[in-house]
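Chains A and B supply the protein sequences, listed in that same order.
Residue 99 in the numbering used here is what sits at position 99 of the first sequence, and the numbering runs on without skipping anything.
The number in the numbering used here is simply the position in the second sequence, starting from 1, with 119 added.
Input: a single structure, listed below in structure tokens.
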Amino acid sequence: MFLLGSSGLRRLVIVELKAPNTSLDGTHLRQLQDYMREAKRWLSDKGFPDCQVEGYLIGSMAEPSSRAKEVEWLRDQMEQTRNRGDWRVYDILEVLELSERAHQELLDAYQELQKAKKI
Amino acid sequence: MTAIVALEAPTAPKPLRFKVAPHIVQDLGLNLYTNLPRVLVEFVANAYDADSAYANVAMDQDAIRDARVILKKEWELARAKGTATPPLEEVTLPDDITITIEDAGHGMAREDLEKKFLVAGRRRRDEEASIRTANGRLLMGRKGLGKLAGFGVAHRVEVITRKSGEPHATKIRLEYEELIKNKSVDEIEIPDEVVPNGGGLPESGGTRIVLSRLVYEPMKTGEATLAHAIADHFALIDTDDFAIRLNNQVIEPTPRKLVYAYPEPDRDVTELVNHQLVLPDDRTQMFSYRIRFTEKSLPARQRGVRVYAHKRLASAPDLLDLPTGMHGFRMTDYLDGIVHADFVDEQPTEYIATDRQSLRWEVPLLTPLREFLSDEMRKACTAYQKYRDEKSEKDVSEDTFTTELVESLELPQYKKKVAYELAGKIASLCQDGKESDEYKERVQIFLDGLGQGTLLRLLGDLAQEDKPDINRLVAHVTQLASRELGEFVRFAHGRIFGIEALRKICMDVNFKAAKNEKELHDLFKTAPWLINATFAQFLTSNQRIDTTFEKLAEVLGIDDYGNAANEPARISCSCWGAAVYVDSSLSS
């Protein structure tokens with residue numbers, strides 16, 4: 001882990017975590033986008049215009065059968081960006097699965113290197 | 120007129136009588152001998168005292184197991200129907216399921232049964248004025264109570280016995296319920312019958328005990344446990360002199376691989392050493408003993424010294440007064456001490472508890488022995504710890520895994536020695552030694568720590584040099600990077616376990632209903648890698664926007680930011696309900 005103060009900031013991540021008993025919807029995403037916009041503006045003002053600001057909205061996905069207006073709006077947004085933009089929406093289980101996979105990949109890579117006697 | 124009055128002398132009142140109610144059978148049988156091995160050893164000891172060459176125990180374990188299953192189901196059914204039922208542990212198995220103990224000893228005639236067997240508390244040693252059997256064995260029995268042991272596990276005890284030279288055998292049946300319904304023990308009549316053809320017992324004599332109406336609870340003991348428990352009880356008996364069989368197999372004591380014995384560690388571990396204690400009143404006590412240690416750790420109830428008297432267990436394993444804080448206390452996990460002290464069973468007073476699990480250690484006769492054994496155990500533990508440490512150090516210095524690890528650290532010679540000593544200590548503390556995963560994991564952590572200091576010092580030295588050698592620098596930095604990666608691997612494994620645990624919690628049906636947002640929030644703050652493997656530095660969460668930016672400014676090293684709280688609030692948001700993270704070097 002490096003010290004950010006001496007190496008320069010390249011990436012800032014804002015995580016909006018919602019209670020598991022609340023289904024994620026559009027209001028939550030707009031709140032996250034507000035935070036991201038404010039952070040970007042502040043960083044730019046302070047001389048860090050290239051700093052990448054990302055947002056994670058994490059919580060419980062609404063049931064697929066839900067037709068609530070805000071839920072459908074969120075689905076539309078996710079579909080448009082394919083959930084690959086500077087903000088992403090995840091169910092908590094999905095987040096954990098992704099993190100586990102990432103750790104496992106790092107371990108696999110380490111073992112491959114060990115086999116090849118590179119470390 | 121004179122009246123003559125005859126004065127009658129007052130009659131003396133009848134003397135008071137001390138009566139023993141038959142419930143004594145319950146106290147001396149049912150309540151004292153609650154497990155099957157302890158009951159069976161009493162009958163085996165009787166066979167030994169009858170000069171038999173063997174005691175054969177027979178029982179159908181499968182039938183007992185099946186009957187217990189059925190009985191339990193029936194009992195549960197009855198309870199479900201509301202029928203009054205006795206506690207399950209007291210219910211008896213069907214009559215045809217039995218346990219038989221048979222010997223080829225002297226056997227008993229009808230008269231012997233009446234005058235010897237049917238007298239609870241008969242003191243054979245006093246009556247016969249000898250502590251030896253006709254064939255010269257030291258008598259095991261003493262109190263004459265072992266015959267009641269059967270009622271600890273069975274409600275019916277049948278005795279079929281044939282005295283040497285008699286053409287027939289005699290059979291009696293003792294029914295627990297019949298015995299205890301009488302008011303006094305004198306009123307109990309035991310019918311007997313003559314069994315022609317000797318009842319299947321040898322002409323030279325013998326006795327068969329048949330236990331039936333077996334009690335549910337004590338029948339849970341498995342065959343192997345039973346065999347080992349009985350064999351441990353008679354561990355000092357030579358099987359050529361007296362063989363104990365369970366279902367036709369000669370039983371063996373609990374298998375233990377002994378690896379060290381104290382005192383005189385150079386002698387064979389199975390041998391005992393003689394010792395004489397002189398009591399304050401000049402009496403002497405002769406006994407033999409050895410404090411042995413097993414290769415694998417023992418269950419807690421098997422740790423300590425066992426005392427045998429007349430080749431029979433007199434006291435179960437006990438650590439006596441061994442202080443828990445002493446050096447080498449961990450070695451008690453392997454401690455299997457043995458003492459053979461016949462004098463304990465040859466005193467006018469009885470010092471062995473009836474269930475033969477302990478001695479009356481507090482009496483003046485036994486206090487010196489207790490103190491001696493406690494002290495010997497303490498010394499033995501210290502000696503064994505030292506022996507293990509030395510052996511482990513030698514073992515690890517010849518162990519490929521350890522030597523490769525130590526060599527990879529490129530330690531100076533004096534530190535190498537420390538590394539092997541450290542590895543030896545760690546191996547001796549791990550239950551399964553240097554082969555265990557526990558050892559391999561721990562030794563790596565400890566030795567990495569040892570190596571880290573050296574490596575950092577070498578790099579520090581290099582930095583101090585005017586013209587550092589590039590090759591040395593490359594070598595040291597490569598080694599440092601390799602260790603950092605090694606540490607990461609250990610952490611990564613731990614993280615994956617953590618993620619798996621959290622995933623299970625999240626998948627629980629109750630999780631979504633719970634208001635546990637704060638706990639989750641705190642968890643993600645502490646461990647941002649739960650969200651993304653590359654997140655390492657948590658910045659702030661749920662703070663006012665100005666506080667958030669102030670924190671960010673600190674991280675970015677913006678000197679002129681000053682007190683952010685005083686800066687005009689261009690962002691009109693009062694509070695951020697989000698967590699802010701910055702990434703680690705791994706992402707780059």
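Every residue gets a Cβ at the ideal spot worked out from N, C-alpha and C, and that includes glycine.
| Does any C-beta atom of chain A lie closer than 8 Å to the C-beta of residue 621 of chain B? | Judged by the 8 Å Cβ criterion, residue 621 of chain B is in contact with chain A.
| residue 476 of chain B (DSSP reduced to helix, strand or coil) | Of the three classes helix, strand and coil, the one that applies to residue 476 of chain B here is coil, per DSSP.
| field | Residue closest to residue 570 of chain B, alpha-carbon to alpha-carbon, out of B:551, B:554, B:556 and B:541 | value | Of the residues B:551, B:554, B:556 and B:541, the one whose Cα lies closest to the Cα of residue 570 of chain B is B:541.
| task | Below 6 Å CB to CB, which residues in the same chain sit around residue 52 of chain A once its five sequence neighbours on both sides are set aside? | result | So the list reads 11, once near-sequence residues are dropped.
| task | Consider the Cβ of residue 99 of chain A: report whether some Cβ of chain B lies at a distance smaller than 8 Å. | result | Yes, contact with chain B.
| First and last residue of the alpha helix (DSSP H) that includes residue 195 of chain B? | Unbroken alpha helix (DSSP H) run through residue 195 of chain B: 180 to 199.
| Shortest alpha-carbon distance to residue 20 of chain A belongs to which of A:78, A:59, A:95 and A:64? | Residue A:59 is the option with its Cα nearest to residue 20 of chain A.
| residue 436 of chain B - DSSP class collapsed to helix/strand/coil | The answer is strand: DSSP assigns residue 436 of chain B an E or B state.
| Which two residues bound the contiguous beta strand (DSSP E) that contains residue 60 of chain A? | Unbroken run through residue 60 of chain A: none, as it is neither H nor E.
| request: Drop a sphere of 10 angstroms on the beta-carbon of residue 464 of chain B, count the other beta-carbons inside from all chains shown, and report buried for 16 or more, exposed for fewer. | output: Under this definition residue 464 of chain B is a buried residue.
| query | Around the C-beta of residue 135 of chain B, are 16 or more other C-beta atoms found within 10 angstroms, so that it is buried, or is it exposed? | reply | Exposed is the call here.
| field | Stretch pair the stretch 261 to 276 of chain B + the stretch 151 to 168 of chain B: three plus CB contacts closer than 8 Å | value | Using a Cβ-Cβ distance cut-off of 8 Å, the stretch 261 to 276 of chain B and the stretch 151 to 168 of chain B are in contact, since at least three pairs of beta carbons, one from each stretch, lie closer than that value.
| task | Report yes or no: do three or more beta-carbon pairs, one from the stretch 346 to 365 of chain B and one from the stretch 382 to 390 of chain B, lie closer than 8 Å? | result | Contact between the stretch 346 to 365 of chain B and the stretch 382 to 390 of chain B is absent, because fewer than three Cβ pairs lie under 8 Å.
| If you run the structure through DSSP and keep just helix, strand and coil, what is residue 308 of chain B? | Judged by DSSP in its simplified three-state form, residue 308 of chain B adopts coil rather than helix or strand.
| query | Does DSSP put residue 171 of chain B in a helix, in a strand, or in coil? | reply | Coil at residue 171 of chain B, not helix or strand.
| message | So, at 8 Å on beta carbons, what are the nonlocal neighbours of residue 197 of chain B in its own chain, with the 5 sequence-adjacent residues on each side left out? | response | These residues qualify, in order along the chain: 204.
| Integer-rounded CB distance, given that residue 456 of chain B should sit under 8 Å from residue 503 of chain B | For residue 503 of chain B against residue 456 of chain B, the beta-carbon gap comes to about 12 Å, at or over 8 Å, which does not count as contact.
| field | Neighbour list for residue 33 of chain A in chain B, Cβ cutoff strictly below 8 Å | value | Against chain B, the beta carbon of residue 33 of chain A has no neighbour under 8 Å; the closest one sits roughly 11 Å away.
| task | Measure the CB-CB distance between residue 243 of chain B and residue 263 of chain B and report whether it falls below 8 Å. | result | Remark: C-beta atoms of residue 243 of chain B and residue 263 of chain B approach each other more closely than 8 Å.
| request: Give every residue of the same chain whose Cβ lies closer than 8 Å to the Cβ of residue 287 of chain B, excluding the five residues on either side of it in the sequence, and list them in chain order. | output: Answer for residue 287 of chain B: 281, 313, 314, 315, 316, 317 and 318, listed in chain order.
| task | Note down, in chain order, each residue of its chain lying with its Cβ closer than 7 Å to the Cβ of residue 224 of chain B, except the 5 sequence neighbours on either side. | result | Counting only Cβ-Cβ distances below 7 Å, and skipping sequence neighbours, we find 166, 169, 170, 171, 324, 325 and 326.
| request: Can you tell me which of the three DSSP states residue 412 of chain B falls into? | output: Annotated three-state conformation of residue 412 of chain B is strand, per DSSP.
| residue 342 of chain B: first and last residue of the uninterrupted alpha helix (DSSP H) it sits in | DSSP places residue 342 of chain B inside the alpha helix (DSSP H), whose first and last residues are 342 to 352.
| Relative to the ligand HEM, is the shortest distance from any of its heavy atoms to the C-beta of residue 62 of chain A smaller than 7 Å? | The ligand HEM is not part of this structure, which contains no ligands at all.
| task | Report yes or no: is there a C-beta of chain B within less than 8 Å of the C-beta of residue 80 of chain A? | result | It does not: the Cβ of residue 80 of chain A has no partner Cβ on chain B nearer than 8 Å.
| How would you list, in chain order, the residues of chain B whose beta-carbon sits under 7 Å from the beta-carbon of residue 71 of chain A? | Result: empty, since nearest Cβ-Cβ is about 16 Å, beyond 7 Å.
| query | Taking 8 Å as the CB-CB limit, is residue 686 of chain B close to chain A? | reply | For residue 686 of chain B, the predicted model reports a pLDDT of 36, less than 50, meaning its position is unreliable and no value from the coordinates is stated.
| Which residues in chain B sit within 7 Å of residue 104 of chain A, going by Cβ to Cβ distance? | Neighbours of residue 104 of chain A on chain B, chain order: 615.
| query | By a C-beta neighbour count over all protein chains shown, 10 Å radius and 16 as the cutoff for buried, is residue 562 of chain B buried or exposed? | reply | Classification for residue 562 of chain B: buried.
| message | Give me the residue from B:462, B:466, B:399 and B:490 with the minimum Cα distance to residue 437 of chain B. | response | Ranking B:462, B:466, B:399 and B:490 by CA distance to the CA of residue 437 of chain B puts B:490 first.
| Can you tell me whether residue 598 of chain B is buried or exposed, with buried defined as 16 or more other CB within 10 angstroms of its CB? | So residue 598 of chain B ends up on the buried side.
| said: I'd like the ranges of any alpha helix (DSSP H) spanning at least 4 consecutive residues and lying wholly in the stretch 499 to 560 of chain B. | reply: If only complete runs of 4 or more residues are kept, the stretch 499 to 560 of chain B shows the alpha helix (DSSP H) at 519 to 527 and 532 to 548, in order along the chain.
| query | With 8 Å set as the bound, which would you pick, yes or no: does the beta-carbon of residue 89 of chain A sit closer than that to a beta-carbon of chain B? | reply | With 8 Å as the cut-off, residue 89 of chain A does not count as an interface residue toward chain B.
| If we ignore side chains and look at the alpha-carbon of each, how far apart do residue 506 of chain B and residue 614 of chain B end up? | So the alpha carbons of these two residues sit roughly 39 Å apart.
| Can you find a C-beta in chain A that's less than 8 Å from the C-beta of residue 362 of chain B? | No Cβ of chain A is located within less than 8 Å of the beta carbon of residue 362 of chain B.
| said: Would residue 482 of chain B and residue 458 of chain B be called neighbours here (beta carbons separated by less than 8 Å)? | reply: No, these two residues do not count as a Cβ contact at 8 Å.
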